[in-house]
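Everything on this sheet refers to the single structure shown next.
Protein chains: 2
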Amino acid sequence: MSPRHSTVEAARTRERIVRAAVEDASRLGLEGLTVGSLARRLGMSKAGLVGPFGSREQLLAAALEQAGQVFRAAVTEPLEGLPPGPGRLEQLIDRWVDYLADCPFPGGCFVTAASSELDGRPGPLRDRLREIVTSWRRRLATEIAAAQAESPGRHRPPDEVATTLIGLSMALNQEIQLLEDPSAVPRAREAMRHAVGLAVGP
Amino acid sequence: MSPRHSTVEAARTRERIVRAAVEDASRLGLEGLTVGSLARRLGMSKAGLVGPFGSREQLLAAALEQAGQVFRAAVTEPLEGLPPGPGRLEQLIDRWVDYLADCPFPGGCFVTAASSELDGRPGPLRDRLREIVTSWRRRLATEIAAAQAESPGRHRPPDEVATTLIGLSMALNQEIQLLEDPSAVPRAREAMRHAVGLAVGP
DNA sequence: CCTACCGATCGGTAGG
DNA sequence: CCTACCGATCGGTAGG
């Protein structure tokens with residue numbers, strides 16, 4: 001009744017392929033990933049590479065899911081256990097900036113790049129990405145509202161602040177990846193803290 | 001001594017090709033543009049399409065320049081004649097948001113998409129794009145500093161505000177192109193006005 | 001997981 | 001500006 005060796009091996013192989021696919025897609029874009037060069041890099045045949053997924057597009061879908069997991073592991077999971085409020089929002093911002101500053105993907109934020117690439121290409125990949133982005137926006141707005149609820153006075157609408165934070169993450173990603181400007185990291189961190197109403201440095 | 005007819009025709013053809021290239025690249029990305037399908041769409045041969053530019057990459061470079069021109073015509077040129085200060089910054093924000101809301105490119109902001117696509121691909125296209133983005137950042141920071149100079153009190157650093165505005169433009173572009181959320185336009189406009197310290201609506 | 005192959009398309013060039 | 005072609009590569013499949 002124990003799993004056949006080949007089953008374990010198959011899962012390992014699948015995992016190995018997905019990780020390599022995420023790397024390639026991060027550097028070259030989802031459309032830039034080709035099964036031929038990815039297979040060559042892994043020392044496999046094209047058929048062996050695509051087989052576990054059925055098609056190139058389903059391999060890209062698996063890579064997108066994996067990238068979402070990596071983002072959540074870096075930014076969202078460290079918050080578990082903290083009570084909602086300004087302290088947790090501050091942690092979220094720090095984890096988010098750290099994720100962009102020391103990015104687990106060689107080409108910068110995978111979801112941002114995929115969004116720009118897929119927004120004009122209808123299909124299941126675009127649909128799934130829209131779900132991922134929408135869900136993250138909702139999560140952000142909830143965290144912001146919880147933080148605002150603990151301090152008196154008028155606040156900007158949580159949706160607007162969420163847009164500002166997402167925008168700052170995109171601008172930071174550009175300043176790191178395209179402009180290679182090391183001053184961008186502290187600047188974006190301060191801007192995020194200011195946008196949500198946290199005290200900011202001198 | 002008058003220019004030969006063929007010279008005028010050649011310039012017209014070149015212009016026509018560049019415009020079509022910008023459209024294709026906006027929808028499919030710069031890497032997604034192929035000379036074969038672009039030639040077919042224009043009823044030309046591949047050789048005739050690429051000839052005036054020398055190579056596909058130089059055609060892409062021409063498309064990038066053209067996209068920069070379109071952006072400046074929409075956002076920067078309308079400001080000419082206005083004195084620096086809050087009024088001109090307000091106009092800049094409105095033209096910028098309008099440009100994104102009713103975009104001259106079918107796939108959304110060309111420069112933002114190109115930035116995300118090229119940031120991991122070293123070469124002359126990336127170098128040129130970096131110049132374009134850097135120059136725009138500088139211009140923005142100058143406009144922000146001029147507006148701040150006219151009002152008393154402490155202000156956020158102009159570089160930080162420039163990052164916030166650029167980020168908001170990217171987030172708005174995503175909300176329009178990927179999420180197709182019509183509420184994004186007024187929200188981003190308010191966020192930009194707030195970020196630069198202009199009075200915002202109710 | 002492999003080899004061997006499919007038709008289609010890629011960017012580019014020779015020659016006019 | 002064209003036709004006609006180059007070698008390379010694309011994603012996918014048949015058959016094992």
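So the sequences go chain by chain: A and B.
Position one of the first sequence corresponds to residue 1 (full-length UniProt numbering), numbered consecutively onward.
Position one of the second sequence corresponds to residue 1 (full-length UniProt numbering), numbered consecutively onward.
Where a beta carbon is used, it is the ideal one built from N, C-alpha and C, also for glycine.
So with CB distances below 8 Å, who are the chain B contacts of residue i?
i	result
Gln-69 of chain A	Correct list: empty, because the minimum Cβ distance to chain B is about 20 Å.
Gly-120 of chain A	Ser-26, Arg-27, Leu-28, Pro-106, Gly-107, Gly-108 and Gln-177
Helix, strand or coil for residue i, going by three-state DSSP, please let me know.
i	result
Glu-80 of chain B	coil
Val-75 of chain A	helix
Gly-153 of chain A	coil
Glu-9 of chain A	helix
Glu-180 of chain B	coil
Gly-85 of chain B	coil
residue 203 of chain A	Beyond the ends of chain A as shown, which are 1 and 202, falls residue 203 of chain A; an answer cannot be given.
Glu-15 of chain B	helix
What first and last residue would you give for the alpha helix (DSSP H) that runs through residue i?
i	result
His-194 of chain A	184 to 196
Glu-175 of chain A	158 to 177
Residues of chain B with CB under 7 Å from residue i, in chain order?
i	result
Gly-32 of chain A	Glu-31
Ala-113 of chain A	Ser-116
Listing by chain order, which chain A residues have their CB less than 7 Å from the CB of residue i?
i	result
Asp-24 of chain B	Going along chain A, no residue has its Cβ under 7 Å from Asp-24 of chain B, so there is no contact; the nearest lies around 11 Å.
Leu-179 of chain B	Arg-130, Val-133 and Thr-134
Val-159 of chain B	Going by the sequence as given, residue 159 of chain B is Asp instead of Val. Those within 7 Å of Asp-159 of chain B in chain A are Arg-187.
Ala-191 of chain B	Glu-160, Thr-163 and Thr-164
His-194 of chain B	Arg-156
Determine the chain A residues that contact residue i at a beta-carbon separation under 8 Å, and present them in chain order.
i	result
Met-170 of chain B	Gly-167, Met-170, Ala-171 and Gln-174
**Asked** What runs of the alpha helix (DSSP H), each 4 residues or longer, lie entirely inside the stretch 23 to 73 of chain A?
**Response** 35 to 42, 46 to 50 and 56 to 71
**Prompt:** Taking three-plus beta-carbon pairs below 8 Å as touching, is the stretch 141 to 155 of chain B in contact with the stretch 138 to 153 of chain A?
**Reply:** no
**Prompt:** Is the number of C-beta pairs between the stretch 128 to 137 of chain A and the stretch 117 to 135 of chain B that are closer than 8 Å three or more?
**Reply:** no
**Asked** Taking only runs of the alpha helix (DSSP H) that begin and end inside the stretch 92 to 144 of chain A, which ones reach a length of at least 4 residues, in chain order?
**Response** Listed in chain order, the alpha helix (DSSP H) runs fully inside the stretch 92 to 144 of chain A are 110 to 118, counting runs of at least 4 residues.
**Message:** Three or more C-beta pairs under 8 Å: does that hold for the stretch 95 to 112 of chain B against the stretch 40 to 53 of chain B?
**Reply:** no
**Asked** Looking at C-beta atoms only, is the number of pairs between the stretch 65 to 72 of chain A and the stretch 110 to 125 of chain A that lie closer than 8 Å three or more?
**Response** yes
**Prompt:** Using 8 Å as the Cβ pair cut-off and three pairs as the minimum, do the stretch 87 to 104 of chain B and the stretch 177 to 193 of chain B touch?
**Reply:** Short answer: they touch.
**Asked** So, do the stretch 137 to 151 of chain A and the stretch 133 to 143 of chain B have three or more beta carbon pairs nearer to each other than 8 Å?
**Response** no
**Request:** Would you check if there are 3 or more beta carbon pairs closer than 8 Å linking the stretch 15 to 24 of chain B to the stretch 72 to 82 of chain B?
**Result:** Contact fails: fewer than three Cβ-Cβ distances are below 8 Å.
**Prompt:** With a cut-off of 8 Å, do at least 3 Cβ pairs link the stretch 160 to 178 of chain B to the stretch 163 to 176 of chain A?
**Reply:** yes
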